[in-house]
Amino acid sequence: MNFLLKSISYIFHPLLMPIAGSVTYFVTAPRFIPENIIQAKILGLIVVTILIPIVLYFFLRTTGIITSIHLEDVKQRKIPLLLQSLLLLLVIKMIIDAYNYPELYFFFLGALLSSLSAIFMVFFGIKASLHMIGTGAVTMFTIALSIHFEINLILFIAAMIIANGLVATSRLHFKAHTNLELTLGFLIGVIPQLTLVNFWL
Numbered sequence: 011m012n013f014l015l016k017s018i019s020y021i022f023h024p025l026l027m028p029i030a031g032s033v034t035y036f037v038t039a040p041r042f043i044p045e046n047i048i049q050a051k052i053l054g055l056i057v058v059t060i061l062i063p064i065v066l067y068f069f070l071r072t073t074g075i076i077t078s079i080h081l082e083d084v085k086q087r088k089i090p091l092l093l094q095s096l097l098l099l100l101v102i103k104m105i106i107d108a109y110n111y112p113e114l115y116f117f118f119l120g121a122l123l124s125s126l127s128a129i130f131m132v133f134f135g136i137k138a139s140l141h142m143i144g145t146g147a148v149t150m151f152t153i154a155l156s157i158h159f160e161i162n163l164i165l166f167i168a169a170m171i172i173a174n175g176l177v178a179t180s181r182l183h184f185k186a187h188t189n190l191e192l193t194l195g196f197l198i199g200v201i202p203q204l205t206l207v208n209f210w211l
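For the sequence shown, our numbering gives the first residue as 11, with consecutive numbering after it.
Written out as structure tokens, the structure reads:
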């Protein structure tokens with residue numbers, strides 16, 4: 011059971027959620043997007059949202075700014091979240107534009123707002139679950155895509171809802187978060203997506 015729950019935490023790691031949302035968009039979008047463009051966008055997103063954060067993690071770990079990848083100490087979350095916010099800003103400025111990919115643009119804008127909200131929580135000593143922020147955001151985005159493109163994604167949406175439950179169970183099992191932190195994380199992930207949906211749905 012421990013192995014399964016730990017695996018869930020890694021499968022639905024916050025670093026992977028931007029790519030999960032992007033792949034969902036490119037797979038479901040009915041408009042024609044050349045395959046080479048999709049590959050270039052995905053590659054750029056992998057570099058900016060996964061590879062660069064990993065490099066930054068090792069830098070922060072080496073310099074002693076953070077002591078663990080899990081960021082148990084709420085005070086240690088400020089700089090990583092700030093750097094993540096800057097990288098998300100880079101995505102919406104350089105990789106995903108509002109004209110060609112409005113849905114995905116607002117997904118990343120929502121992710122940026124979620125990241126900034128998590129930073130805001132840190133100043134009050136609240137460690138909102140980054141896992142729940144990620145899964146909550148992707149779930150809401152998928153629901154919105156299903157409505158917007160009039161595509162039946164009910165099975166995927168159901169799977170994401172179950173994933174939210176499994177992630178929450180995993181974080182509670184390993185005492186990484188409280189119920190409040192998990193709930194706040196989910197809301198911080200969902201609310202920006204739900205709010206920004208008005209600009210493209």
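From the three backbone atoms N, C-alpha and C, an ideal C-beta is built for every residue, glycine too.
No experiment lies behind these values; they were computed from the predicted model shown.
Nonlocal neighbours in the same chain, by C-beta distance under 6 angstroms from residue i, ignoring five residues either side
i: phenylalanine 196; result: Met142, Gly146
i: serine 156; result: Leu163
i: leucine 212; result: The chain is shown only over 11 to 211; residue 212 falls outside these bounds and no answer can be derived.
i: leucine 15; result: Ser180, His183
Three-state class that DSSP yields for residue i in the structure shown
i: asparagine 162; result: coil
i: methionine 150; result: helix
i: lysine 137; result: coil
i: histidine 183; result: helix
i: leucine 97; result: helix
Spatially closest choice to residue i from the options, by CA coordinates
i: leucine 126; options: Ile43, Ile29, Ile21, Ile201; result: Ile201
i: methionine 170; options: Thr188, Ile18, Phe13; result: Ile18
i: arginine 181; options: Ser156, Lys137, Ala168, Ile157; result: Lys137
i: leucine 53; options: Leu206, Phe130, Ile106, Gly199; result: Ile106
i: alanine 178; options: Arg87, Leu192, Ile167; result: Leu192
i: leucine 204; options: Arg41, Ala50, Phe118, Leu91; result: Phe118
i: phenylalanine 209; options: Phe69, Ala168, Phe151, Phe42; result: Phe151
i: threonine 149; options: Met27, Val37, Ile21; result: Met27
i: alanine 50; options: Phe166, Leu206, Gly120, Met104; result: Met104
i: tyrosine 20; options: Thr38, Phe166, Ala173, Phe133; result: Ala173
i: phenylalanine 13; options: His187, Phe130, Leu176; result: Leu176
i: alanine 168; options: Ile153, Glu160, His158, Ile161; result: Ile153
i: isoleucine 42; options: Asn110, Leu96, Glu82; result: Checking the sequence shown, residue 42 turns out to be phenylalanine, not isoleucine. Ranking the options by Cα distance to phenylalanine 42, first place goes to Asn110.
Contacts around residue i, its chain only, beta-carbon distance under 8 angstroms, and the 5 residues preceding and following it disregarded
i: isoleucine 56; result: Ile29
i: proline 24; result: Leu140, His141, Ile143, Gly144
i: valine 84; result: Val132, Gly135, Ile136, Lys137
Alpha helix (DSSP H) segment containing residue i, residue limits
i: methionine 27; result: 27-38
i: methionine 131; result: 112-132
i: serine 17; result: 12-21
i: phenylalanine 69; result: 62-72
Own chain, CB closer than 7 angstroms to residue i, minus 5 neighbours either side, in chain order
i: leucine 93; result: Leu66
Three CB pairs or more closer than 8 angstroms across the region 19-35 and the region 110-119: As far as the Cβ criterion goes, the region 19-35 touches the region 110-119, which means the pair count is three or higher.
Counting beta carbon pairs with one atom in the region 94-108 and one in the region 57-65, are three or more of them shorter than 8 angstroms? yes
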